[in-house]
Amino acid sequence: MRAFTPFIGLAAVAAAAILPAGLASADDNGQPSARSTARAVMICGTDAATRRAFTREHGAAPIFVTAREALSVRPSDPAWSTPRCMTERELARYRDAATTFAAVR
């Protein structure tokens, strides 16, 4: 049980860093607020079909971020106009880095 509790805390910290704050929040009209989509990161493939689908849905080609870039995002950084993408391998690196950071603290 002791090893499980830090893992839950780490998962919460990792989700807070990647996912936008207030994901479920909405403005007065019931629409998601601009803040809720400011730092969205999606897990994307690198194949042509995924790129076309992303471009069709979001109006721009996917921009991939690394685990290091995701960890270095600060609240004062400008918001993203479209979600960023991360490969599954980079997600694993992100989780490993967040685990290491939590273990050191």
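In mature numbering (1 follows the signal peptide of the UniProt record, and there is no 0), the protein residues as written are -26 to -1, 1 to 79.
Ideal Cβ positions, reconstructed from N, Cα and C, are used throughout, including at glycine.
Here the structure is a predicted model, which is why all the values come from computation and not from measurement.
For GLU64, the number of other beta carbons within 10 angstroms of its own is at least 16, and it is reported as buried. Nearest neighbour of ALA72 by Cα position, chosen from TRP54, SER50, GLU31 and SER46, turns out to be SER46.
With 16 or more neighbouring CB atoms inside 10 Å of its own CB, ALA44 falls in the buried class. Here THR40 has GLU64 as same chain residues with Cβ atoms under 7 Å from its own Cβ, once five neighbours each way along the sequence are excluded. Between the alpha carbons of MET16 and CYS59 lies a distance of about 5 Å. As summarised for the region 4 to 50, the continuous alpha helix (DSSP H) elements at least 4 residues long and confined to that stretch are 22 to 32 and 41 to 45, given in chain order. A Cβ-Cβ separation of about 6 Å places ARG13 in contact with TRP54 under the 8 Å criterion. Inter-residue distance for THR29 and ALA23 is about 10 Å (C-alpha atoms, whole angstroms).
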